[in-house]
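Heads up: the sequence lines are chains A and B, in that order. At position 42 of the first sequence the residue is numbered 41 (numbering that gives the first Met the number 0), and the sequence of numbers has no breaks. At position 135 of the second sequence the residue is numbered 134 (numbering that gives the first Met the number 0), and the sequence of numbers has no breaks. Glycine included, C-beta positions come from ideal geometry on N, C-alpha and C. Everything numeric in this text was worked out from a predicted model, so none of it was measured. For reference, the structure is listed below as structure tokens.
There are 2 protein chains.
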Amino acid sequence: MRLESTLNEPTRPDQQPRTPSPRPGGRSARVRADVVAATLAEVAEKGYDGLTAEAVAARSGVHKATLYRRWGGIDGLVADALTASADQPWPLPDTGDLQEDLRRITQEVFSVFTDPEQSPTPTALISAAQRSDAGAAALRDFFTARHHQAAEVAERAVTRGELPAGTDGAEVIRAATAPLYYRLFVTGEALDARTAERAADAAALAARAGLFASIPTDPEPDTAPNTPDQ
Amino acid sequence: MRLESTLNEPTRPDQQPRTPSPRPGGRSARVRADVVAATLAEVAEKGYDGLTAEAVAARSGVHKATLYRRWGGIDGLVADALTASADQPWPLPDTGDLQEDLRRITQEVFSVFTDPEQSPTPTALISAAQRSDAGAAALRDFFTARHHQAAEVAERAVTRGELPAGTDGAEVIRAATAPLYYRLFVTGEALDARTAERAADAAALAARAGLFASIPTDPEPDTAPNTPDQ
DNA sequence: ATCGTAATGCGACTGAAGTCGCATTACGAG
DNA sequence: CTCGTAATGCGACTTCAGTCGCATTACGAT
Numbered sequence: 000m001r002l003e004s005t006l007n008e009p010t011r012p013d014q015q016p017r018t019p020s021p022r023p024g025g026r027s028a029r030v031r032a033d034v035v036a037a038t039l040a041e042v043a044e045k046g047y048d049g050l051t052a053e054a055v056a057a058r059s060g061v062h063k064a065t066l067y068r069r070w071g072g073i074d075g076l077v078a079d080a081l082t083a084s085a086d087q088p089w090p091l092p093d094t095g096d097l098q099e100d101l102r103r104i105t106q107e108v109f110s111v112f113t114d115p116e117q118s119p120t121p122t123a124l125i126s127a128a129q130r131s132d133a134g135a136a137a138l139r140d141f142f143t144a145r146h147h148q149a150a151e152v153a154e155r156a157v158t159r160g161e162l163p164a165g166t167d168g169a170e171v172i173r174a175a176t177a178p179l180y181y182r183l184f185v186t187g188e189a190l191d192a193r194t195a196e197r198a199a200d201a202a203a204l205a206a207r208a209g210l211f212a213s214i215p216t217d218p219e220p221d222t223a224p225n226t227p228d229q
Numbered sequence: 000m001r002l003e004s005t006l007n008e009p010t011r012p013d014q015q016p017r018t019p020s021p022r023p024g025g026r027s028a029r030v031r032a033d034v035v036a037a038t039l040a041e042v043a044e045k046g047y048d049g050l051t052a053e054a055v056a057a058r059s060g061v062h063k064a065t066l067y068r069r070w071g072g073i074d075g076l077v078a079d080a081l082t083a084s085a086d087q088p089w090p091l092p093d094t095g096d097l098q099e100d101l102r103r104i105t106q107e108v109f110s111v112f113t114d115p116e117q118s119p120t121p122t123a124l125i126s127a128a129q130r131s132d133a134g135a136a137a138l139r140d141f142f143t144a145r146h147h148q149a150a151e152v153a154e155r156a157v158t159r160g161e162l163p164a165g166t167d168g169a170e171v172i173r174a175a176t177a178p179l180y181y182r183l184f185v186t187g188e189a190l191d192a193r194t195a196e197r198a199a200d201a202a203a204l205a206a207r208a209g210l211f212a213s214i215p216t217d218p219e220p221d222t223a224p225n226t227p228d229q
């Protein structure tokens with residue numbers, strides 16, 4: 000999961016014309032790229048409470064007042080950085096088996112947020128995003144995009160006949176990854192590879208049982224059929 | 000899930016002698032109670048970024064400098080408020096059926112965080128806790144305590160023969176509640192009753208399949224062998 | 001009742017976040 | 001090339017979070 004911005008290099012002019020400014024190809028774009036890059040670098044280094052408008056201004060070479068004018072504050076900087084990351088394409092596994100695909104996805108999440116090299120930026124970014132409405136909205140969009148992309152894994156499983164028709168693919172993804180994010184961003188508990196695997200397996204199991212189908216195949220998936228009692 | 004402090008009423012002297020101060024029964028205790036109560040009230044009213052040391056000082060009648068001396072800042076206030084909530088006993092369902100117990104638990108979480116009357120305090124408290132090391136530690140302790148308490152639901156199921164021996168009860172609870180917290184505190188998506196129910200059902204299903212047993216009953220609950228490659 | 005000590009009250013001080021008005025620069029159109 | 005305009009640079013100013021030294025109060029022990 001890449002949260003780095005597309006705009007790291009000032010030489011890419013109009014990748015993200017979200018604010019259709021009258022000067023999309025010139026200095027404004029350069030400024031935006033520099034600022035987003037500086038924001039990501041700062042947030043990775045100092046964490047989200049160490050994130051300062053002055054530091055971003057100093058690092059990017061853009062005046063502090065400009066930051067406040069264009070982004071309205073730290074919140075906007077974070078939101079913009081997140082938005083820039085949202086439409087990043089994302090390599091999806093396609094092993095032909097839902098459980099294995101989900102395992103790879105949760106494994107990927109695990110890797111990113113466990114690797115001290117990669118984790119700081121996305122971790123700080125997600126934490127920072129929760130602090131403002133703008134950030135929260137950007138974060139919601141970000142995850143919506145991710146869920147939508149990753150849902151393909153489940154949709155392929157439906158096509159294969161592995162999952163019941165009408166299965167909500169995004170919901171399968173949420174089920175698989177939620178336990179990881181829950182530990183990372185709510186309880187603060189440690190994360191291990193086995194947890195990642197179990198989460199994927201549990202999601203695959205529930206999906207196969209039809210729990211994520213719009214009209215559940217079997218509303219009460221326990222009781223009679225499979226009661227693996229001991 | 001009650002996150003309110005035990006120390007709302009200044010007339011309870013030594014309920015929480017965490018800091019074994021030389022004067023546990025006197026003014027210090029009163030001050031702490033007032034401050035914790037004021038913190039909860041403030042955080043509920045103004046959210047976690049509206050939480051100000053000065054406001055807490057004003058509301059509690061305690062000087063600002065005292066707050067910084069005893070609690071070290073907003074972080075400490077939040078952490079203390081959380082700590083005070085951690086050992087609150089918590090009514091557990093006991094319906095004789097794991098799935099139903101889990102449903103009631105997730106339903107309870109859903110209710111608390113959906114009800115505009117109850118949600119502000121715990122929501123803001125959890126968000127605020129993630130902003131500092133002290134808060135994060137207190138939050139971890141809080142959830143550890145909650146998981147441990149709620150694990151009884153799974154342990155009873157083991158006793159009943161409903162779940163395989165060696166099942167990690169806390170893990171079952173985490174699996175059941177994670178999707179809710181994931182939406183509430185990570186993605187910011189809306190939460191509905193059906194999601195709560197599905198999460199409980201999925202957790203029950205996975206638990207019955209032995210996914211949360213220390214030595215999984217059936218490590219690969221689907222397909223025959225596991226050939227990770229295609 | 002008295003005294004020593006710790007905790008609190010108090011107000012001034014520091015530093016940084018965020019704002020404002022104005023000067024300057026750079027883009028884009030003609 | 002020239003000009004109009006929008007964006008940025010600039011520095012001072014306001015505001016508030018957080019700190020410090022000292023005076024005062026209240027607790028607990030003798």
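Which of helix, strand or coil DSSP assigns to residue i
i, result
"residue 83 (chain A)", "helix"
"residue 33 (chain A)", "helix"
"residue 146 (chain A)", "helix"
"residue 175 (chain B)", "helix"
"residue 187 (chain B)", "coil"
"residue 47 (chain A)", "coil"
"residue 75 (chain B)", "helix"
"residue 106 (chain A)", "helix"
"residue 119 (chain B)", "helix"
"residue 200 (chain A)", "helix"
"residue 134 (chain B)", "helix"
"residue 91 (chain B)", "coil"
"residue 61 (chain B)", "coil"
"residue 23 (chain A)", "Legend: pLDDT at residue 23 (chain A) = 49, less than 50; position of this residue unreliable, no value from coordinates given."
"residue 151 (chain B)", "helix"
Neighbourhood of residue i by C-beta, 7 Å cutoff - its chain only, sequence neighbours within 5 removed
i, result
"residue 17 (chain A)", "Residue placement at residue 17 (chain A) is poorly supported in this model, since its pLDDT is 35, which falls under 50; the coordinates are not used for a value here."
"residue 166 (chain A)", "153, 157, 206, 211, 212"
"residue 70 (chain B)", "76, 79"
Separation of residue j from residue i, as counted between CA atoms
i, j, result
"residue 213 (chain B)", "residue 108 (chain B)", "27 Å"
"residue 211 (chain A)", "residue 47 (chain A)", "35 Å"
"residue 143 (chain A)", "residue 94 (chain B)", "36 Å"
"residue 192 (chain B)", "residue 179 (chain B)", "10 Å"
"residue 104 (chain A)", "residue 177 (chain A)", "12 Å"
"residue 150 (chain A)", "residue 157 (chain A)", "11 Å"
"residue 128 (chain B)", "residue 198 (chain B)", "25 Å"
"residue 34 (chain B)", "residue 59 (chain B)", "5 Å"
"residue 138 (chain B)", "residue 159 (chain A)", "43 Å"
"residue 88 (chain A)", "residue 88 (chain B)", "47 Å"
"residue 133 (chain B)", "residue 208 (chain A)", "42 Å"
"residue 52 (chain B)", "residue 135 (chain B)", "19 Å"
"residue 111 (chain A)", "residue 169 (chain B)", "25 Å"
"residue 44 (chain A)", "residue 116 (chain A)", "11 Å"
"residue 175 (chain A)", "residue 100 (chain A)", "11 Å"
"residue 187 (chain A)", "residue 164 (chain B)", "27 Å"
"residue 64 (chain B)", "residue 72 (chain A)", "29 Å"
"residue 68 (chain B)", "residue 155 (chain A)", "59 Å"
DSSP beta-bridge partners of residue i
i, result
"residue 212 (chain A)", "A:166"
Anticipated Cβ contact below 8 Å, residue i with residue j, distance rounded
i, j, result
"residue 42 (chain A)", "residue 124 (chain A)", "6 Å"
"residue 39 (chain A)", "residue 120 (chain A)", "6 Å"
"residue 146 (chain B)", "residue 182 (chain B)", "Not quite, the Cβ-Cβ distance comes to about 19 Å (not below 8 Å), so this is no contact."
"residue 62 (chain B)", "residue 56 (chain B)", "6 Å"
"residue 203 (chain A)", "residue 97 (chain A)", "5 Å"
"residue 126 (chain A)", "residue 184 (chain A)", "7 Å"
"residue 300 (chain B)", "residue 113 (chain B)", "This structure leaves residue 300 (chain B) out entirely; chain B is present only between 0 and 229."
"residue 66 (chain A)", "residue 148 (chain A)", "That belief does not hold up - the Cβ atoms of residue 66 (chain A) and residue 148 (chain A) are roughly 31 Å apart, past 8 Å."
Close beta carbons around residue i, own chain, < 8 Å, minus the five adjacent residues each side
i, result
"residue 195 (chain A)", "102, 105, 106, 108, 109, 179"
Beta-carbon contacts of residue i that lie in its chain and below 6 Å, excluding the five residues immediately before and after
i, result
"residue 131 (chain B)", "74"
"residue 231 (chain A)", "Nothing about residue 231 (chain A) can be reported from this structure: the residues present for chain A run from 0 to 229 only."
"residue 171 (chain B)", "153, 202, 206, 211"
"residue 30 (chain B)", "61"
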